[in-house]
DNA sequence: TGCTAATACTTTAGGTTTCAATTATCCCTG
DNA sequence: CAGGGATAATTGAAACCTAAAGTATTAGCA
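Residue numbers (my numbering), protein chains in the order written: chain Z, 2 to 152; chain S, 2 to 152.
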């Protein structure tokens with residue numbers, strides 16, 4: 002009835018399971034390192050804003066972070082409430098909103114970004130430089146593939 | 002002030018970013034393939050149950066799927082409401098609950114598991130068998146590392 | 001100019017997720 | 001055999017997340 006999986010298909014399913022497992026294990030660890038400070042999604046937004054002093058729109062953030070714009074509304078609301086970021090309507094196109102860091106937000110980034118960066122490096126420090134390079138290359142290949150399927 | 006990142010640290014941060022990006026891109030695609038049927042977390046639970054006719058406890062599911070037990074309560078509630086699974090208290094230890102598939106749930110699994118498996122294989126079909134093998138090996142190494150940090 | 005379609009964000013409904021606090025049960029030791 | 005500590009699941013609060021519908025605003029074109 003069911004046509005059985007080819008070994009090549011099985012290998013790919015196994016790859017997906019491993020990818021998901023690594024992601025979730027790492028996520029769990031990194032989240033706990035950030036916990037007292039801010040949430041992971043909030044960090045992701047802050048880190049993007051930090052490298053764009055001119056501000057970012059919801060659309061561009063949504064694209065970079067792979068989350069829906071509807072989702073960002075809430076995250077930015079909370080950042081705004083904490084005084085770390087603020088909205089600014091684009092006067093040239095009043096549909097668009099720029100999100101920018103406040104001074105407090107920038108200061109905060111200067112503290113937690115290096116800290117979080119260090120956590121990541123430490124978490125992955127057990128891998129050889131060689132393995133890291135191989136993984137990066139192969140994942141780039143995979144990302145290119147997945148990007149293409151998106152359109 | 003800030004001591005700058007070594008190139009080896011930078012490489013590891015880049016690896017994490019790529020891993021997260023691939024995970025999220027793939028997740029987005031696979032979710033939409035499953036959408037009309039059930040949610041991804043529900044699928045994950047069903048797929049585990051399908052290979053354990055004797056049932057699984059919340060604790061063991063929690064461990065396998067890397068989610069908290071509190072989270073599973075809700076997911077299993079919804080599966081139960083849909084008539085796909087049911088709870089059964091362990092008479093030998095009334096603290097434990099076995100979760101099992103109903104007939105309807107088993108039938109349902111027979112339909113969607115092959116379908117989802119096929120979606121995964123198709124999504125990753127653009128990678129060479131060689132790249133798949135390399136990635137699997139390297140991710141196994143990474144998972145072992147992350148597992149160890151967990152304890 | 002004025003209508004229509006597209007774009008940008010928000011809202012809503014339904015799930016998911018975590019952490020922390022509870023409840024129920026079991027185990028163990030005095 | 002009773003109390004204290006561990007284990008299993010649930011509950012509650014807050015945040016995240018998506019898809020789909022809604023609201024403003026802009027752009028394009030007849």
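Heads up, the beta-carbon is just placed ideally off N, CA and C, and yes, glycines get one too.
Practice item. Specify the secondary structure class of residue 101 of chain S as computed by DSSP and reduced to three states. Key: strand
Point to revise | CA nearest to the CA of residue 79 of chain S, picked from S:122, S:106 and S:26 | key: S:106
Practice item. Mind listing the chain Z neighbours of residue 142 of chain S? Cutoff is C-beta to C-beta under 8 Å, in chain order. Key: Neighbours of residue 142 of chain S on chain Z, chain order: 128 and 132.
Practice item. Flag this pair as yes or no: are the beta carbons of residue 63 of chain S and residue 70 of chain S separated by less than 7 Å? Key: Residue 70 of chain S is positioned such that its CB atom lies closer than 7 Å to that of residue 63 of chain S.
Review point. What are the start and end residues of the beta strand (DSSP E) that includes residue 90 of chain S?
Key: 86 to 90
Exercise for review: Would you check if the distance between the CB atom of residue 154 of chain S and the CB atom of residue 16 of chain Z is smaller than 7 Å?
Suggested key: What is shown of chain S runs 2 to 152, which leaves residue 154 of chain S out entirely.
Practice item. Establish whether the CB of residue 77 of chain S and some CB of chain Z are separated by less than 7 Å. Key: no
Point to revise | Assigned secondary structure, residue 144 of chain Z (DSSP; H/G/I helix, E/B strand, else coil) | key: helix
Exercise for review: Could you tell me if residue 27 of chain S is buried or exposed, where buried requires 16 or more neighbouring beta carbons within 10 angstroms of its beta carbon?
Suggested key: buried
Review point. Residue 118 of chain Z touches chain S at which residues, Cβ-Cβ below 8 Å?
Key: 6, 10 and 14
Practice item. Check whether the Cβ of residue 24 of chain Z lies closer than 7 Å to any Cβ atom in chain S. Key: yes
Review point. Residue ranges of each alpha helix (DSSP H) run of no fewer than 4 residues wholly in the segment 45 to 81 of chain Z, ordered along the chain?
Key: For the segment 45 to 81 of chain Z, whole alpha helix (DSSP H) runs of length 4 or above, ordered along the chain, are 59 to 66.
**Study point:** C-beta atoms of residue 86 of chain S and residue 76 of chain S nearer than 7 Å
**Key:** no
Check your understanding: Looking only at its own chain, which residues have a Cβ that is under 8 Å from the Cβ of residue 91 of chain Z, when we skip the five neighbours before and after it?
Key -> 58, 97, 98 and 99
Point to revise | C-beta contact flag for residue 31 of chain S and residue 13 of chain Z at 7 Å | key: No, these two residues do not count as a Cβ contact at 7 Å.
Review point. Quick one: is residue 122 of chain S buried, meaning 16 or more other Cβ sit within 10 Å of its Cβ, or exposed?
Key: buried
Check your understanding: If you measure from the beta carbon of residue 70 of chain S to each beta carbon in chain Z, is any gap under 7 Å?
Key -> Chain Z contact via Cβ: absent.
Point to revise | For residue 20 of chain S, three-class secondary structure by DSSP | key: Annotated three-state conformation of residue 20 of chain S is helix, per DSSP.
Review point. Residue 18 of chain Z: which of S:47, S:118 and S:131 sits nearest, CA to CA?
Key: Answer by Cα proximity: S:118.
Point to revise | Cβ distance (whole Å) where residue 38 of chain Z is taken to contact residue 113 of chain Z below 8 Å | key: The Cβ separation is near 5 Å, so the contact holds.
**Study point:** CB contact below 7 Å: residue 139 of chain Z versus chain S
**Key:** With 7 Å as the cut-off, residue 139 of chain Z counts as an interface residue toward chain S.
Review point. Does residue 91 of chain S come within less than 7 Å of chain Z when only Cβ atoms are used?
Key: no
Check your understanding: Rounded to the nearest angstrom, how far is the Cβ of residue 67 of chain S from that of residue 36 of chain Z, given a contact under 8 Å?
Key -> Not a contact, Cβ separation roughly 17 Å.
Point to revise | Minimum Cβ-Cβ distance from residue 125 of chain Z to chain S less than 7 Å | key: yes
Review point. CA-CA distance, residue 150 of chain S and residue 127 of chain Z?
Key: 10 Å
Practice item. Verify whether the separation of the beta carbon atoms of residue 22 of chain S and residue 144 of chain Z is less than 7 Å. Key: yes
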